[in-house]
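Q: Just so we're on the same page, the numbering used here is the position in the sequence shown counted from 1, plus 69.
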Amino acid sequence: MRPPAILSLALASLWNRRGSAVLTILAVAVSVMLFLGVDKLKTASQDSFAQTIQGTDLIVGARTSPVSLVMFSVFHIGNPSAAMTWETYQWLAGQDSVDWTVPISLGDSHRGHRVVGTTTDFFQHYNYRGGQSVSFAEGQAFDDLYDVVIGARVADELGYSLGEDITLSHGLGEVSFLEHENRPFKVVGILNPTGTPIDDSVLTSLAAIEAIHVGWETGAPSPLAKFTSADDVRGMDLTPDSVSAVLVGLTSNRRMLTAQRAINTYPREALVAAIPGQAINEVWQIVGAAGNALMAVSAFVVLVGLVSILTSILSSLKERRREMAVLRAIGAGPSHVLLLLVSEAILLAAIGATIGIGLVYLANLIAQPIFEARFGLTLSAAPPGALDLKVLAAVTGISGVMALLPAIIAMRASVADGLSIKL
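1. Examine the Cβ distances between the stretch 146 to 165 and the stretch 78 to 88 and report whether three or more of them are shorter than 8 angstroms.
2. Give a yes or no on whether 8 angstroms exceeds the smallest Cβ distance from Gly200 to chain D.
3. Keeping to the same chain, check which residues put their C-beta closer than 8 angstroms to that of Pro475; ignore five residues upstream and five downstream.
4. Among the residues of its own chain, which have a CB less than 6 angstroms from the CB of Leu363, if the five just before and after it don't count?
5. So what's Asp52 in DSSP terms, helix, strand or just coil?
6. What three-state label does DSSP hand Ile235 in the structure shown?
7. If you compare alpha carbons, which of Asp269, Asn196, His194, Thr236 is closest to Ala224?
8. Have a look at Thr265 and Phe144 and give me their C-alpha separation to the nearest angstrom.
9. Kindly indicate the opening and closing residues of the alpha helix (DSSP H) around Arg330.
10. Taking DSSP's pairing of strands, which residues face Met153 in a bridge?
11. What is the C-beta distance between Ala328 and Gln115, in whole angstroms, given that I count them as a contact (C-beta under 8 angstroms)?
12. What residue from Arg222, Leu214, Val257, Ala221 has the CA that sits closest to Glu233's CA?
13. Within 10 angstroms of the Cβ of Lys459, are there 16 or more other Cβ atoms? Answer buried if so, exposed if not.
14. Is it buried or exposed for Leu434, if we count other Cβ within 10 angstroms and need 16 for buried?
15. If you drop the 5 nearest sequence neighbours on each side, which residues of the same chain put their C-beta closer than 8 angstroms to that of Thr188?
16. Which of the three DSSP states, helix, strand or coil, is assigned to Phe254?
17. For the putative contact between Arg198 and Gln120, defined by C-beta atoms under 8 angstroms, what is the C-beta separation to the nearest angstrom?
18. Just the C-alpha distance for Ile355 and Gly304, rounded to the nearest angstrom, thanks.
19. How would you label Leu431, buried or exposed, when you count the other beta carbons within 10 angstroms and need 16 or more for buried?
20. Buried or exposed for Leu103, going by 16 or more other Cβ atoms inside 10 Å?
21. Could you name the residues of the same chain whose beta carbon sits closer than 6 angstroms to that of Ala151, not counting the 5 residues immediately before and after it, in chain order?
22. Can you tell me which of the three DSSP states Ala206 falls into?
23. How long is the line joining the alpha carbons of Gln209 and Ile259, rounded to whole angstroms?
24. Just curious, the beta strand (DSSP E) that Gly186 is in, first and last residue?
25. Buried or exposed: Ala79, going by 16 or more other Cβ atoms within 10 Å of its Cβ?
26. Give me, in chain order, the residues of the same chain whose beta-carbon lies closer than 8 angstroms to that of Gln201; leave out the 5 immediate sequence neighbours on both sides.
27. Would you give the residue range spanned by the alpha helix (DSSP H) that Val99 belongs to?
28. Does DSSP classify Gly469 as helix, strand or coil?
29. What's the C-alpha gap between Ser230 and Asp300?
30. With Ser274 as the anchor, note down where its beta strand (DSSP E) starts and where it stops.
31. When the Cα atoms are used, what is the spatial distance from Ile493 to Leu407?
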């Protein structure tokens, strides 16, 4: 019996048991889809995470760990333990190796969304995924003291539009009892979605951050804060005393290490200069452990799917003993019986894995615009690559090996045992 004949017989046998075969194929397809889906989400998350900020050579702040500095300044997670003085910021901005700087001040919020004090240079120099610049869906950058620009998710979740009046809160809670009620702001710009923490941010000027804290020097409103109107504040000196962090662009990447060393050893204030890419990679090594755990779980699910093939073949052996005996009686050797059952297992696995790979790419096409708009994740819609082919080969090969057990059991069954009627 030649291999094509065995393959044809295996297909006919599966068709005869198509009910259980379809269920087995579905189990393999779903498990492969889960494994590849988790891998693609992990890859998309890593790419999005790594490309949250680009084009910035250094992030400078008061002495802390580089990871902590990047987490609160870029991802808006956590708070700065100290601030950099304005005089030190001016020294930094005046260095020959520095091309541009974007100061950032954090500490307030609006209904759970971070308020970021900065300058209009932020919109010019902050780049993300592939070097894209922040752009406006509506409106423009802040110009007046009480102007704010809001991220896409802030506008979507809170239903804000241009011209809306909002008040900022002291602190970072979603619900705050300390509102800067007597100094309202107006929404003058709404940003396009970026898939970065900017989408959840409310951006305003550094002077505005100082303005809302007039009379709040102790962390709570004083009589000065209550009786000083928004117009009264306009006439005050609103130069900030400090900033939380500074995004720095250098004149040349070759000067990065020299600039970093000069900042880290600045004698008048304890500073740290973090290279964003390095710090983000360190963070991903921690966060990526969760992705690796999900990959391990999904790999176990694939193994369970392959066990279903083994179970299906083992459970059908008793019913097929006469079939095996007839094949032996008409001249099929033991090796033909073994190859038949192994071929069935390989076919079930190959068909199931192929369907699973197809479902992953179909799901990608459907979910890609949703994930990109909602989470900033760009799912790959490229044709099946090396990993997909490796999974297909591994699933097929493992199923063939696992099928050897029932195949050997069937091969050893005698013709007489199969044809005899047992009472």
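Built from N, CA and C at the ideal position, the CB exists for glycine as well.
A: Straight from the coordinates:
1. As far as the Cβ criterion goes, the stretch 146 to 165 does not touch the stretch 78 to 88, which means the pair count is below three.
2. The chain inventory of the structure shown lacks chain D, comprising one protein chain alone.
3. The sequence position of residue 475 within the sequence shown is 406, counting from 1. Answer for Pro475: Leu379, Ile382, Leu383, Leu386, Leu410, listed in chain order.
4. Within the sequence shown, residue 363 is the residue found at index 294, counting from 1. If you ignore the 5 residues before and after Leu363, its C-beta comes within less than 6 angstroms of the C-beta of Val107, all in its own chain and listed in chain order.
5. Only positions 70 to 492 of the chain appear in this structure, which leaves residue 52 out of reach.
6. Position 166 of the sequence shown, counting from 1, holds the residue named residue 235. Ile235 falls in the strand class under three-state DSSP.
7. Numbered from its first residue, the sequence shown carries residue 224 at position 155. By alpha-carbon distance to Ala224, the top candidate from Asp269, Asn196, His194, Thr236 is Asp269.
8. Here residue 265 corresponds to residue number 196 of the sequence shown, with the count starting at 1. Here residue 144 corresponds to residue number 75 of the sequence shown, with the count starting at 1. Looking at the two C-alpha atoms, the distance is approximately 8 angstroms.
9. Your numbering for residue 330 matches position 261 in the sequence shown. 325 to 333 is the span of the alpha helix (DSSP H), which, as asked, contains Arg330.
10. By 1-based counting over the sequence shown, the position of residue 153 is 84. Per DSSP, Val312.
11. Your numbering for residue 328 matches position 259 in the sequence shown. Your numbering for residue 115 matches position 46 in the sequence shown. Contact annotation, Ala328 with Gln115: C-beta distance approximately 28 angstroms; criterion of less than 8 angstroms not satisfied.
12. Your numbering for residue 233 matches position 164 in the sequence shown. Residue Val257 is the option with its Cα nearest to Glu233.
13. Reading the sequence shown from its first residue, position 390 is the one you call residue 459. Exposed is the call here.
14. To locate residue 434, count along the sequence shown from 1; it is residue 365. Within 10 angstroms of the beta-carbon of Leu434 lie fewer than 16 other beta-carbons, which makes it exposed.
15. Residue mapping note: residue 188 aligns to position 119 of the sequence shown, counting from 1. Hits under 8 angstroms: Val171, Pro172, Ser274, Leu275.
16. Numbered from 1 along the sequence shown, position 185 holds the residue referred to as residue 254. In this structure, Phe254 counts as strand in the three-state DSSP scheme.
17. Here residue 198 is taken as the residue at index 129 of the sequence shown, counted from 1. Here residue 120 is taken as the residue at index 51 of the sequence shown, counted from 1. Contact between Arg198 and Gln120 holds, with the beta-carbon distance rounding to 4 angstroms and staying under 8 angstroms.
18. Start at 1 with the first residue of the sequence shown, and residue 355 comes out as number 286. Start at 1 with the first residue of the sequence shown, and residue 304 comes out as number 235. Rounded to whole angstroms, Ile355 to Gly304 spans 48 angstroms at the Cα level.
19. Locating residue 431 in the sequence shown gives position 362, where the first residue counts as 1. Flag for Leu431 reads exposed.
20. The residue you call residue 103 lines up with position 34 of the sequence shown. Counting Cβ neighbours within 10 Å, Leu103 comes out buried, since at least 16 surround it.
21. Stepping through the sequence shown from its first residue, residue 151 is reached at position 82. Around Ala151: Ala131.
22. Start at 1 with the first residue of the sequence shown, and residue 206 comes out as number 137. In this structure, Ala206 counts as strand in the three-state DSSP scheme.
23. On the sequence shown, position 140 is the one that residue 209 refers to. On the sequence shown, position 190 is the one that residue 259 refers to. Gln209 and Ile259 have their C-alpha atoms spaced approximately 8 angstroms apart.
24. Translated into positions along the sequence shown, residue 186 becomes position 117. 182 to 187 is the extent of the beta strand (DSSP E) around Gly186.
25. For the purposes of this step, residue 79 is taken as residue 10 along the sequence shown, with counting starting at 1. So Ala79 ends up on the buried side.
26. On the sequence shown, position 132 is the one that residue 201 refers to. Here the set comprises Thr263.
27. Taking the first residue of the sequence shown as 1, we reach residue 99 at position 30. Taken as a continuous stretch (DSSP letters only), the alpha helix (DSSP H) holding Val99 covers 87 to 119.
28. Position 400 of the sequence shown holds residue 469. In the structure shown, Gly469 sits in a helix (DSSP, three-state: H, G or I).
29. In the sequence shown, the residue the question calls residue 230 occupies position 161. In the sequence shown, the residue the question calls residue 300 occupies position 231. When the Cα atoms are used, Ser230 and Asp300 turn out to be separated by approximately 24 angstroms.
30. Taking the first residue of the sequence shown as 1, we reach residue 274 at position 205. Segment 270 to 274, the beta strand (DSSP E) holding Ser274.
31. Outside the shown range of the chain (70 to 492) lies residue 493, about which nothing can therefore be said.
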